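Number of protein chains: 2
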Amino acid sequence: MKYCYGVDIGGTTVKMGLLDTTGEILDKWEIITKTEDEGQAILPDIAESILSKTKERGLNKEDIVGVGVGVPAPVTEDGIVNGSANLGWTYKEVKRELEELTGIPSVIGNDANVAALGEMWKGGGSGEKNMVMITLGTGVGGGVIINEKVITGEHGAGGEVGHICVNYNEPDTCGCGNHGCLEQYASATGIVRLAKKKLQAESRETALHRESVSAKDVFDAVKAGDQVAIEIAEEFGQYLASGLVNLAVIADPAVFVIGGGVSKAGEVLLPFIQKPYQEKAFFSNKEFRFTLATLGNDAGICGAAKMVLD
Amino acid sequence: MKYCYGVDIGGTTVKMGLLDTTGEILDKWEIITKTEDEGQAILPDIAESILSKTKERGLNKEDIVGVGVGVPAPVTEDGIVNGSANLGWTYKEVKRELEELTGIPSVIGNDANVAALGEMWKGGGSGEKNMVMITLGTGVGGGVIINEKVITGEHGAGGEVGHICVNYNEPDTCGCGNHGCLEQYASATGIVRLAKKKLQAESRETALHRESVSAKDVFDAVKAGDQVAIEIAEEFGQYLASGLVNLAVIADPAVFVIGGGVSKAGEVLLPFIQKPYQEKAFFSNKEFRFTLATLGNDAGICGAAKMVLD
């Protein structure tokens, strides 16, 4: 029996898993992400954790196929990161450093791309070779998978679906400096922005509070039949559908998998996306499958492991 | 020495080529596309032409690696076309029929995708593994190539870049039924549309004629320094750049290759695209290479041949 490690580095914790080569998670744990001092302890901490887990389990290094790692930043094909604000890293040769520390081969990928790979392997996109995962979190990330491979792109910007322009008249600025990015409407932050604008101009009764409203509040109110919340969700769905329509005429996947914090609202989300999608879509790809991500926090671990097994 | 045939089926003529396996075109000819009677003579005519050329050259069927064919329609992975308005075809098993007629293995692809493959192999995208070709003709077509493979998509709609939405407020309808598709601004027809609108509202002197203006007229006038024409070209460039910005955050290719009839205007075209592209692009892919297609009408023949050699 062979094994591999899947590692998902986040800004607060590093999620780690030991898997067998069928993708079964045998063990799962977290360590703290030490972002101080330009995050220089992060890789040594991961290496130490891997080596001690290997020992604890009575495994030899030869039993370990490799270590897959998802990083919240663009990653080159050589496993180099040119800066990650969340981790404090500037230039970092992640693959080389980690291999030197562990003596085990490593594969490094962008976290959103890695999560997409996990969902294709074991989650909402299971059985498909062509899928797009949209991660609706603080921002909007994504992974475009064609023939089972993630599109990373020449500048590591493949699958940066949060920055598809869905409104050429938006006056407000996206974090990236542009205007009208999908992220401005479909992320948790974007939904709050839509909600606040709506609530300011609203005189009808609603369960939502003008001063303090979250994406979760909006979808909870939708479930309770709150008309104002429903209209906010419709606006969110219109913009997200516009982004997906553009994705569909480029990548034409078999399925869209919706993940990230916002997707925890559940099935209630899907009609808000599906209806405007079908209205706007190019005629040859109107019939699309939309599904929710199913792996939750394990998507990163699974996808990272999948990279080393490929 | 082994050989292959590259076939590019258009609505008026079928362009055919005999190539060696290095991609050298040894012979090149055309036959008429007989679109009458649901285009039932098209494949038999192609087969006859291939068999007689093989005989004429003193080749054996065993010397022929295969026949690659580009078709103006979406094509499934099995080489089936579900209708092509330009050829009169309804459902047609192109691969099976052609193989039965010739006794030679065939590979069938969408013509825009096939041309992109040709430009990657021998033209403007030569040496790159990731490129996007945009064909600015009567419509706007394209081919998205990732790791040397064209993205065909689950519904044959991969690389339908003419239907990226670049204006969510467009009142006029695209041929596809949607509003604001790239094709409405960046095709030869789209440029004429922009020009007519501009000229209607224009009191300045210009070399362009209100009643009869072509895309070529516009770029000829640009070359002569005509200010009205320059502003039409700027509008065209703004919309095309918006489409490319969306392509770049999804596919992130190394190079954009601009082809099709409009690209015959030459290098004068590129600054009109590059300047707004750099203004609008996502920060990590602002530095892009734009280049003109170089194979002209041979792109289809070359790309079709490349399919059978892959």
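Chains G and S, in that order, give the protein sequences. Each residue of the first sequence is one higher than the one before, starting from 107 at the first, in my numbering. Each residue of the second sequence is one higher than the one before, starting from 107 at the first, in my numbering. Here a beta-carbon is modelled for each residue, glycine too, at the ideal position from N, C-alpha and C. In this text the structure is predicted, and so the values were computed from the model without any measurement.
Show which residues of chain S have a CB atom less than 8 Å away from the CB atom of isoleucine 270 (chain G). Asn352, Val355, Ile356
Output the boundary residues of the beta strand (DSSP E) element that contains serine 190 (chain G). 186-190
8 Å Cβ cutoff met for isoleucine 338 (chain G) and leucine 376 (chain G): For isoleucine 338 (chain G) and leucine 376 (chain G), no; Cβs fall outside 8 Å.
With distances taken between CB atoms, is the gap from valine 181 (chain G) to asparagine 236 (chain G) smaller than 8 Å? It is not a contact, given that the beta carbons lie outside the stated cut-off.
Leaving out five residues on either side along the sequence, give the residues of the same chain with a beta carbon under 6 Å from the beta carbon of isoleucine 364 (chain S). Ile240, Leu398
Tell me whether glutamate 416 (chain S) is buried or exposed, calling it buried when 16 or more other Cβ atoms sit within 10 Å of its Cβ. The sequence shown places aspartate at residue 416 (chain S), rather than the glutamate named in the question. By the beta-carbon neighbour count (other beta carbons within 10 angstroms, threshold 16), aspartate 416 (chain S) is exposed.
Of all the options G:Val355, G:Gly174, G:Val319, which has the alpha carbon lying nearest to the alpha carbon of glutamine 306 (chain G)? G:Val319
Taking Cβ to Cβ, would you say valine 250 (chain S) is nearer than 8 Å to glycine 229 (chain S)? no
Residues that serine 390 (chain S) contacts on chain C, provided the C-beta gap is smaller than 7 Å: Although the question refers to chain C, the structure presented lacks it and instead comprises the protein chains G and S.
Partners in chain G for alanine 360 (chain S), counting only beta-carbon separations shorter than 8 Å: Glu260
Starting from the N-terminal side, write out each stretch of the alpha helix (DSSP H) that is 4 residues or longer and does not extend beyond the segment 184-230 of chain S. 200-208, 217-228
Nearest neighbour of alanine 347 (chain S), chosen from S:Lys121, S:Asp332, S:Ala387 [CA to CA]: Of S:Lys121, S:Asp332, S:Ala387, the residue nearest in Cα terms is S:Ala387.
Kindly give me the distance between the Cβ atoms of alanine 222 (chain G) and valine 256 (chain G), rounded to whole angstroms, as I take these residues to be in contact under 8 Å. Between alanine 222 (chain G) and valine 256 (chain G) a beta carbon distance of about 6 Å is seen, short of the 8 Å cut, so the two are scored as contacting.
Proximal residues to lysine 392 (chain S) (C-beta, below 7 Å), its chain only, five neighbours per side dropped: Gln384
Distance cutoff 8 Å, beta carbons only. Does valine 267 (chain G) sit that close to anything in chain S? yes
Local Cβ density within 10 Å of alanine 179 (chain S), reported as buried at 16 or more and exposed below that: The residue in question, alanine 179 (chain S), is buried, as its Cβ has 16 or more Cβ neighbours within 10 Å.
List the residues of chain S that serine 348 (chain G) touches, going by C-beta distances under 9 Å, in chain order. Going along chain S in sequence order, the residues near serine 348 (chain G) (Cβ under 9 Å) are Cys271, Tyr274.
Would glycine 112 (chain G) and alanine 411 (chain G) qualify as a contact pair, given that the criterion is a beta-carbon distance under 8 Å? The Cβ atoms of glycine 112 (chain G) and alanine 411 (chain G) sit closer than 8 Å to each other.
Strictly under 8 Å for the Cβ-Cβ distance: is lysine 255 (chain S) near chain G by that measure? yes
For glutamate 162 (chain S) and isoleucine 252 (chain S), what's the separation of their Cα atoms in angstroms? 38 Å
Contact criterion: CB-CB distance below 8 Å. Does asparagine 284 (chain G) meet it with respect to chain S? yes
Assign serine 212 (chain G) to buried or exposed, taking buried as 16 or more other Cβ atoms, counted over all protein chains shown, within 10 Å of its Cβ. The residue in question, serine 212 (chain G), is buried, as its Cβ has 16 or more Cβ neighbours within 10 Å.
Could you tell me how far apart the beta carbons of glycine 185 (chain S) and lysine 167 (chain S) are, in whole angstroms, since I believe they sit closer than 8 Å? Not a contact, Cβ separation roughly 19 Å.
In chain S, what lies closer than 7 Å to valine 250 (chain G) by C-beta? Those within 7 Å of valine 250 (chain G) in chain S are Ile356.
Beta-carbon proximity list for glycine 372 (chain G), same chain, < 6 Å, skipping 5 on both sides: Closer than 6 Å at the Cβ level, and outside the excluded window around glycine 372 (chain G), lies no residue.
What does DSSP give as the partner residue(s) for aspartate 326 (chain S) in the beta ladder? Beta-bridge pairing links aspartate 326 (chain S) to no other residue.
Nearest neighbour of leucine 242 (chain G), chosen from G:Ala218, G:Gly233, G:Asp114 [CA to CA]: With distances taken between Cα atoms, leucine 242 (chain G) lies closest to G:Ala218.
By the 10 Å Cβ neighbour count, where 16 or more other Cβ atoms means buried, how is tyrosine 291 (chain S) classified, buried or exposed? buried
Alpha-carbon spacing of valine 267 (chain S) relative to isoleucine 336 (chain S), whole angstroms: Straight-line spacing of the CA atoms in valine 267 (chain S) and isoleucine 336 (chain S) works out to 25 Å.
Which of helix, strand or coil DSSP assigns to lysine 134 (chain S): strand
How is lysine 108 (chain S) classed by DSSP in three states: helix, strand or coil? coil
Classify aspartate 169 (chain G) as buried or exposed, calling it buried when 16 or more other Cβ atoms lie within 10 Å of its own Cβ. exposed
Beta-carbon proximity of aspartate 406 (chain G) to glycine 224 (chain G), cut-off 8 Å: Rather than aspartate, the amino acid found at residue 406 (chain G) in this sequence is glycine. Taking 8 Å as the Cβ cut-off, glycine 406 (chain G) and glycine 224 (chain G) qualify as a contacting pair.
Mapping the DSSP letters down to three states, classify aspartate 169 (chain S) as helix, strand or coil. Reduced to three states, the DSSP call for aspartate 169 (chain S) is helix.
Proximal residues to valine 414 (chain G) (C-beta, below 6 Å), its chain only, five neighbours per side dropped: Contacts found: Cys110, Val171, Gly172, Gly174, Val213.
Once the 5 residues before and after glycine 209 (chain S) are set aside, which same chain residues still bring their CB inside 7 Å of it? Lys167
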